[in-house]
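So for the sequence shown, our numbering puts the first residue at 63; every next one is plus one.
See below for the structure under consideration.
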Amino acid sequence: MGRKNDEYQTPARVSLTISEISRSFLRTVFCILGPMWSNNEGLNKAQAKIRKFEPPYCANPVCTWHTVEIEHPKPFIRFGARKIARFPYINQRFRCRKCLATFAESFFTLRFRDRAADSYEQIHDFMLDGWSGGAISRRLKIAEDTVRRRKKKLARWGLLKWAKDLSKVKIEESIAYDGLENFSNSQYDPNNLNHAVGRESFFVYDFNLSPLNRKGR
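Printed below as a string of structure tokens:
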């Protein structure tokens, strides 16, 4: 009699296990695809921005229109678009009327030539929090070499943005000069990072690198 009860209870237990597995599977699918389903508004905005984008200059470095000062009213024409496997899932191309070179809209963005998904904002935030490159790569599930390359790209773009803003800045505050002693590669190559900082805004107006002779033994 007890054996029959066990036989009757077995399907119920199996059914419960299958139900739990189904719910777990659905939760996993929703966690993976949910952001894609709920981010249609952001995707539409990004694609609309790409469709309205007009290149500020030609991407060809030898072209005479490789400058922001172009007198032609319509220097570039749209040269087709193709789908890509990462956000924003579209790549718009242009052709220069001067040199006939073609280039993509992504040339003017951080994601130019990237194969992995955009993660610059997350990398920037983790860097400010003091995370190491290995910790960032494990958190974002990307290669550590990708993290290093994107950190370098962020640094280059940051310097370009700083230089562009500096050309329009008028100093209207006191300046504090200071230096940070550091080293390159090893402590046998010390240096001093000198910088001029605004007293109120903390904006860095200038900086330079001064190699030093090794001190001590």
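Don't be surprised by glycine CBs; every beta carbon is placed ideally from N, CA and C.
Cβ-Cβ distance between residue i and residue j below 9 Å
{"i": "residue 202", "j": "residue 172", "result": "no"}
{"i": "residue 136", "j": "residue 155", "result": "no"}
{"i": "residue 241", "j": "residue 222", "result": "no"}
{"i": "residue 168", "j": "residue 212", "result": "no"}
{"i": "residue 157", "j": "residue 138", "result": "yes"}
{"i": "residue 105", "j": "residue 165", "result": "no"}
{"i": "residue 161", "j": "residue 130", "result": "no"}
7 Å Cβ shell around residue i - same chain, five flanking residues per side excluded
{"i": "residue 273", "result": "253"}
{"i": "residue 198", "result": "185, 188 and 209"}
Rounded separation between residue i and residue j - CA only
{"i": "residue 112", "j": "residue 232", "result": "34 Å"}
{"i": "residue 263", "j": "residue 220", "result": "18 Å"}
{"i": "residue 163", "j": "residue 193", "result": "41 Å"}
{"i": "residue 153", "j": "residue 103", "result": "18 Å"}
{"i": "residue 110", "j": "residue 117", "result": "15 Å"}
{"i": "residue 97", "j": "residue 147", "result": "Here the model assigns residue 97 a pLDDT of 47, short of 50, so the residue's position is not dependable, and the following value carries that caveat. Each residue's alpha carbon lies about 16 Å from the other."}
{"i": "residue 107", "j": "residue 119", "result": "23 Å"}
{"i": "residue 275", "j": "residue 269", "result": "20 Å"}
{"i": "residue 134", "j": "residue 249", "result": "54 Å"}
{"i": "residue 277", "j": "residue 238", "result": "26 Å"}
{"i": "residue 127", "j": "residue 200", "result": "43 Å"}
{"i": "residue 175", "j": "residue 132", "result": "26 Å"}
{"i": "residue 247", "j": "residue 234", "result": "38 Å"}
{"i": "residue 245", "j": "residue 271", "result": "11 Å"}
{"i": "residue 115", "j": "residue 206", "result": "32 Å"}
{"i": "residue 226", "j": "residue 243", "result": "27 Å"}
{"i": "residue 230", "j": "residue 218", "result": "19 Å"}
{"i": "residue 251", "j": "residue 224", "result": "27 Å"}
Close Cβ partners of residue i (< 6 Å) along its chain, the five nearest in sequence each way excluded
{"i": "residue 266", "result": "257 and 259"}
{"i": "residue 204", "result": "178"}
{"i": "residue 236", "result": "261"}
{"i": "residue 214", "result": "none"}
{"i": "residue 121", "result": "165 and 169"}
Chain-order list of residues whose beta-carbon lies under 8 Å from that of residue i (same chain, five-residue window excluded)
{"i": "residue 210", "result": "195"}
{"i": "residue 90", "result": "Note that residue 90 has pLDDT 46, beneath the 50 cutoff, so the model's placement of it is unreliable and the number below is only indicative. Closer than 8 Å at the Cβ level, and outside the excluded window around residue 90, lies no residue."}
{"i": "residue 228", "result": "267"}
Legend entry - Any 3 or more C-beta pairs closer than 8 Å across the stretch 130 to 147 and the stretch 182 to 190: Contact fails: fewer than three Cβ-Cβ distances are below 8 Å.
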